[in-house]
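Asks: Numbering-wise (the UniProt record's numbering), the sequence shown opens with residue 1 and increments by one. For every residue, glycine included, the Cβ atom is placed at its ideal position computed from N, Cα and C.
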Amino acid sequence: MSDEGVYQRRPVSDGDEELVLICSPIFVRGSCRRADGNCWGRVVDIKDPDGKLHRHIVDEAEFSGGTAALLRPLRALGLVLEPVEKADQSVVKLLRSWRPSNRFTRADVLGYLEAQIEAFVDHYNHQRYHESLNNVTPADVYFGRDKAILQQREKIKRKTLEARRLHHSQRAA
Numbered sequence: 001m002s003d004e005g006v007y008q009r010r011p012v013s014d015g016d017e018e019l020v021l022i023c024s025p026i027f028v029r030g031s032c033r034r035a036d037g038n039c040w041g042r043v044v045d046i047k048d049p050d051g052k053l054h055r056h057i058v059d060e061a062e063f064s065g066g067t068a069a070l071l072r073p074l075r076a077l078g079l080v081l082e083p084v085e086k087a088d089q090s091v092v093k094l095l096r097s098w099r100p101s102n103r104f105t106r107a108d109v110l111g112y113l114e115a116q117i118e119a120f121v122d123h124y125n126h127q128r129y130h131e132s133l134n135n136v137t138p139a140d141v142y143f144g145r146d147k148a149i150l151q152q153r154e155k156i157k158r159k160t161l162e163a164r165r166l167h168h169s170q171r172a173a
């Protein structure tokens with residue numbers, strides 16, 4: 001593999017081997033599956049002729065179909081097969097045998113992601129205190145509760161300091 005693409009060793013007439021370019025750059029990032037353990041696939045990066053990277057999931061079930069069906073979505077993203085004998089079969093064989101150790105969780109439906117994002121936004125805006133906002137939440141600032149909260153904290157702080165001074169002066173006496 002190089003910036004030009006994927007090469008394959010092929011025998012030549014004198015018993016030697018030569019490197020033959022079979023396709024544009026393609027890289028298998030890892031395996032993926034849904035959180036429930038189903039729908040396995042391979043995360044594949046493809047570099048199109050303009051040099052832009054595209055990510056695609058090749059379902060494991062697609063490997064049992066035909067070569068053309070498996071390569072069709074990859075070619076639509078810009079994978080270029082070189083005009084050499086059996087380039088398509090060589091690419092499929094490469095994808096089938098390439099098994100990196102990286103694992104990804106696959107989210108086919110937006111509902112799963114929406115729930116995760118909603119939980120994060122709720123935590124960030126309503127539960128997490130922000131130091132840049134004087135340790136109140138963004139919701140407190142938005143709804144105008146921040147001034148009352150800061151005044152209440154200042155009152156508690158003054159009372160606590162007075163109580164400590166009194167306690168300290170009584171112990172010192």
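#1: Assuming Ser24 and Leu79 form a contact by the criterion Cβ under 8 Å, report the distance between their Cβ atoms to the nearest whole angstrom.
#2: Could you give the distance in angstroms between the alpha-carbon of Arg96 and the alpha-carbon of His130?
#3: Any beta carbon of chain D sitting closer than 7 Å to that of Asp36?
#4: Have a look at the DSSP bridge pairing and note the partners of Ile46.
#5: At which residue ranges does the region 76-123 contain complete alpha helix (DSSP H) runs of 4 or more residues, listed in the order of the chain?
#6: Going along the chain, which residues of its own chain have a beta-carbon closer than 7 Å to the beta-carbon of Ile149, five neighbours each way excluded?
#7: Per DSSP, which residues does Cys32 bridge with? Please list them.
#8: Could you tell me the alpha carbon to alpha carbon distance between Gln152 and Asn125, rounded to whole angstroms?
#9: Does residue 207 come out as helix, strand or coil in the three-state DSSP assignment?
#10: With a threshold of 7 Å on Cβ separation, who are the neighbours of Arg9 within its own chain once the five nearest residues in sequence on each side are excluded?
#11: Distance check for Lys147 and Asn134, CA to CA, integer angstroms please.
#12: Only counting the same chain, and skipping five residues up and downstream in sequence, which positions put a Cβ closer than 7 Å to that of Glu82?
Replies: Judging by the given coordinates:
#1: 6 Å
#2: 48 Å
#3: Looking at the structure shown, chain D is missing, and only one protein chain is on hand.
#4: Ile26 and His54
#5: 87-97 and 110-122
#6: Val136 and Asp140
#7: Gly41 and Phe104
#8: 21 Å
#9: Residue coverage of the chain in this structure runs from 1 to 173, which leaves residue 207 outside it and unanswerable.
#10: Glu17 and Leu19
#11: 10 Å
#12: Leu21, Ile22 and Cys23
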